[in-house]
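According to our numbering, the sequence shown is numbered sequentially starting from 9.
Single-structure report; data block below.
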Amino acid sequence: MAPAPSAQSPLRFAADLLSVVIGDDSNSRLYWSLIETGKAEAAELSFNEYDGTGAYMSFLTCHPDDVESNLEAYRVIFQDINQNGVTDEELEQARNKVASRIVLRSERPMGRLGSLGNNWVYRNEYQTVEDDLKTLHRLTRKDIRELLDQYPLQLLSQVAIGPRTGLELA
9 MAPAPSAQSP
19 LRFAADLLSV
29 VIGDDSNSRL
39 YWSLIETGKA
49 EAAELSFNEY
59 DGTGAYMSFL
69 TCHPDDVESN
79 LEAYRVIFQD
89 INQNGVTDEE
99 LEQARNKVAS
109 RIVLRSERPM
119 GRLGSLGNNW
129 VYRNEYQTVE
139 DDLKTLHRLT
149 RKDIRELLDQ
159 YPLQLLSQVA
169 IGPRTGLELA
């Protein structure tokens with residue numbers, strides 16, 4: 009777990025895109041590094057926005073003997089992203105995924121009402137689906153860089169559940 013933009017921050021859309029690039033359940037950096045290679049059953053990074061604060065939350069499921077090496081893979085990916093940002097291709101793929109999710113979520117009453125409620129409670133504004141899509145499509149690598157400068161990715165708090173009695177973490 010590490011700090012991330014709040015629900016009121018204009019960087020929240022960039023944080024959402026970044027979490028898709030790094031930790032989505034398919035075609036993300038963690039997916040290709042740990043899931044596709046069979047080193048982990050699940051490896052994700054999610055962005056969670058709250059009132060006045062936000063958090064990046066990482067999730068890892070793997071064999072107990074692989075925990076240290078898999079956490080090292082997280083550190084390497086985070087370090088690379090912090091230094092080099094994302095590629096144009098990664099940004100475009102993430103943008104398309106998130107845009108699809110916004111549209112699909114809005115087709116169900118609970119999805120649309122949840123979005124409307126969050127926008128009203130946290131920002132006192134009405135946002136249409138079209139407004140969200142316009143904001144999403146305006147995001148650039150410069151926005152991701154600004155996000156990373158303010159909220160660099162790191163593994164700060166860690167909780168482990170399993171048969172191990174301790175971890176050898178760097």
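Backbone N, C-alpha and C define an ideal beta-carbon position, used for all residues, glycine too.
Endpoints, alpha helix (DSSP H) assigned at residue i
{"i": "residue 107", "result": "96-114"}
{"i": "residue 43", "result": "Where residue 43 is concerned, there is no enclosing alpha helix (DSSP H), given that its DSSP letter is neither H nor E."}
{"i": "residue 151", "result": "149-158"}
{"i": "residue 92", "result": "75-92"}
{"i": "residue 172", "result": "Residue 172 -> no alpha helix (DSSP H), and no H or E assigned at all."}
{"i": "residue 28", "result": "20-31"}
{"i": "residue 144", "result": "137-146"}
Residues bridged to residue i (per DSSP)
{"i": "residue 50", "result": "69"}
{"i": "residue 63", "result": "11 and 56"}
Among the options, nearest to residue i - alpha-carbon criterion
{"i": "residue 11", "options": "98, 36 and 65", "result": "65"}
{"i": "residue 147", "options": "71, 36, 122 and 94", "result": "94"}
{"i": "residue 19", "options": "9, 50 and 55", "result": "55"}
{"i": "residue 107", "options": "131, 89, 139 and 73", "result": "139"}
{"i": "residue 149", "options": "15, 133 and 25", "result": "25"}
{"i": "residue 89", "options": "21, 155, 16 and 171", "result": "155"}
{"i": "residue 131", "options": "36, 59 and 42", "result": "59"}
{"i": "residue 35", "options": "13, 102 and 57", "result": "102"}
{"i": "residue 160", "options": "39, 86 and 119", "result": "86"}
{"i": "residue 32", "options": "176, 116, 99 and 166", "result": "99"}
{"i": "residue 37", "options": "123, 116 and 97", "result": "97"}
{"i": "residue 57", "options": "40, 14 and 29", "result": "14"}
{"i": "residue 172", "options": "47, 61 and 75", "result": "75"}
{"i": "residue 84", "options": "30, 105 and 114", "result": "30"}
Extent of the continuous beta strand (DSSP E) to which residue i belongs
{"i": "residue 117", "result": "Taken as a continuous stretch (DSSP letters only), residue 117 belongs to no beta strand (DSSP E), being part of the alpha helix (DSSP H) at 117-131."}
{"i": "residue 12", "result": "10-12"}
Below-9 Å beta-carbon distance, residue i vs any chain B residue
{"i": "residue 12", "result": "The structure shown contains no chain B; it holds only a single protein chain."}
Supposed contact pair residue j and residue i - C-beta distance, whole angstroms, cut 8 Å
{"i": "residue 9", "j": "residue 81", "result": "Wrong, their Cβ atoms sit about 18 Å apart, outside the cutoff."}
{"i": "residue 141", "j": "residue 110", "result": "6 Å"}
{"i": "residue 78", "j": "residue 42", "result": "6 Å"}
{"i": "residue 143", "j": "residue 21", "result": "6 Å"}
Any non-hydrogen atom of the ligand SAM closer than 8 Å to residue i Cβ
{"i": "residue 149", "result": "This structure lacks the ligand SAM, and indeed carries no ligand of any kind."}
Exercise for review: Could you tell me whether the region 117-136 touches the region 41-56, using the rule of 3 or more Cβ pairs below 8 Å?
Suggested key: Verdict: no, contact absent.
Practice item. Check whether the region 69-76 touches the region 23-41, counting contact only when three or more Cβ pairs, one atom from each stretch, lie closer than 8 Å. Key: No, because fewer than three Cβ pairs between the region 69-76 and the region 23-41 fall closer than 8 Å, the two stretches do not touch.
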